[in-house]
Each structure stands twice: as C-alpha cells, then as structure tokens.
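One structure is given below, encoded as structure tokens.
This is the structure:
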C-alpha cells in the first residue's frame, strides 16, 4: 500500500477525522472504536502490521516527519552530561489525546476532542492514540523518565521520525517500545511481544537511549538499574514516542544519565 498524497491524502485525512474514530489494541483490522468509552485493559492484542516499511528521511536543520507532509523538528544537541530535553508535539497527537502541564504530559480521553477543533494536518496520528516528542535524536546517550502510575495501558519508546500516521508504535521494525497492559510488561518490535519480569507496577520508569551502541533500555528508577535492553537498528533520526488507552503519562526530560547506567 502506498502512502497517500495530494488530493487523496486530503480525502483520507478528512475521513480519518470522523468523531472519535480510533483503534484500540486487540481490535480486528478495520474495526473502529466510536463514541463508546474504552475501559482500562480493553486491549488484548497488537496493532495490525502495515505492509510497507518507512525509512528515516534526510535531516539537517529541519527534518521531514512524513513522506507526504513536513514540519520543523528540533534536533537534540549532544551533551556529555545532560540528555535530550523535549516536549510533546500537539500536532502529532491523536484526537483522543490531550496534552497538559506545558505539553510534558498526555491524557487519554474517553470522549476525545472534537475533530472540528483540531488543526487539519498530515502529522496527526489518525487511527491510534499516539503522540510524539518534538525533538529528534541523532547521536549520544540520553535519559528521560515517565510517570506511569496513572495509566494501566500504554506504550513508551522511540520511533523513526517518519512513522506512518496510520500506524502504531511497536507495529513495524522501525519503532522500539516497552508496553504495559493487564498488569504485565512486554517489549514490542515488529508486532512481536516478549515478556519482561522483575519490575511490577512502579510509579515512574526511566528510558536510556544509547544511539551509537544501538540500545534502548527500560530502567527501574527506584533501584537505578536496567530492567531490560532492546537491541535497536537506528538508521536515522529517532524521536521519543508514547501511546496510551487509559489515564495519563507525564514525561521528565533534560535529565543527566544516572551514575552506574
């Protein structure tokens, strides 16, 4: 399937913004969750795999986010001590998501936002409750934390900057995520899940990205210890990414990498 462009993109975009149309993990492909509230823990499966693979676009002072739409995106400066500092990019947030606390937090809404109140753009996720950060990473070691205690179903990680806005993080092999659902943690890559043990349900978790080493690690903040490491395959700029279907997440960036990690 080719990515939409021109008039077709406009038509698909308007169609995708029908009130409260979004997908939830576990639903069959083609089914939509309409105006009915989504209960915590409703997702039991994974997003459907899309047949195409996206590659990161060339980058410089400005970065393209989609092959059929572009925006300005900050690039994280390499700092020997302090990691990437970012906010969540409202233009990418699905209509069921609302940002708060200076665009550092994201909240899932059972009712969702009125599509008529959202600016029309090709950067917004249309089918899945996903939002991206506003700063891409191209090198270095970076650490940020996420308060997760108020959500029972979410995904956190990184993705190529040009991920399809009809997809979900964790579906293809260009995004690397840790997921929490049904009180269990898993890794997710290319729509394949693997269980993670020994972390429980903490108030906050950390993510350590090591670009040159091609690693993304889930960190137990209370013990300052790596719980699990995903081997990645970064080929260009990547950006912190978040998806949730319950409650809220709060990000904490611009942090120094803790000693011992």
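Residue numbers (this note's numbering): 303 to 563.
For each residue, glycine too, the CB sits at the ideal point set by N, CA and C.
Every value quoted in this text rests on a predicted model; they were computed, and no experiment measured them.
- Assigned with DSSP and collapsed to three states, residue 393 falls in helix.
- Across the set 514, 509, 510 and 520, the C-alpha of 520 shows the shortest separation from the C-alpha of residue 499.
- The residue from 527, 532, 468 and 487 with its alpha-carbon nearest to that of residue 455 is 487.
- The beta carbon of residue 506 sits closer than 6 angstroms to those of 447, 449 and 523, all from its chain and outside the five residues before and after it, given in chain order.
- By alpha-carbon distance to residue 503, the top candidate from 491, 483 and 512 is 483.
- Under the 10 Å beta carbon count, residue 432 is surrounded by 16 or more other beta carbons and is classified as buried.
- Around the beta carbon of residue 546, 16 or more other beta carbons lie within 10 angstroms, which makes this residue buried.
- With contacts defined as CB atoms closer than 8 angstroms, residue 473 and residue 510 fail to qualify as a contacting pair.
- Spatial neighbours of residue 530 in its own chain (CB-CB distance under 6 angstroms, excluding positions within 5 residues in sequence) are listed in chain order as 498 and 520.
- In the three-state reduction of the DSSP assignment, residue 561 falls in the coil class, being assigned neither a helical nor a strand state.
- For residue 555, the closest alpha carbon among the candidates 405, 480 and 428 is that of 405.
- A direct Cα-to-Cα measurement between residue 477 and residue 541 gives close to 9 angstroms.
- For residue 548, the secondary structure class from DSSP, reduced to helix, strand or coil, is coil.
- Within the model, the alpha-carbon separation for residue 492 versus residue 397 is close to 25 angstroms.
- By the criterion of a C-beta distance shorter than 6 angstroms, residue 457 is surrounded in its chain by 471, 472, 479, 481 and 545, once the five residues flanking it on both sides are discounted.
- Apart from the 5 residues on each side of it in sequence, residue 391 sits with its Cβ closer than 6 angstroms to the Cβ of 434 and 436 in its chain, given in chain order.
- With a cutoff of 8 angstroms on beta-carbon distance, residue 532 and residue 552 are scored as not near each other.
- Look at residue 469 here: in three-state DSSP terms it is coil, with no helix or strand label.
- For residue 443, the closest alpha carbon among the candidates 549, 513 and 550 is that of 513.
- Taking 8 angstroms as the cut-off, the Cβ atoms of residue 386 and residue 395 do not count as close.
- Counting along the chain, residue 501 sits inside no beta strand (DSSP E), nor does DSSP assign it H or E at all.
- Secondary structure at residue 543: strand, using DSSP grouped into helix, strand and coil.
- By alpha-carbon distance to residue 400, the top candidate from 563, 557 and 549 is 549.
- At the C-beta level, residue 428 and residue 475 stay beyond 8 angstroms of one another.
- Per the coordinates, the alpha-carbon of residue 501 lies some 10 angstroms from the alpha-carbon of residue 525.
- Your pair residue 495 and residue 430 does not check out as a contact, with CB atoms roughly 16 angstroms apart and the cut at 8 angstroms.
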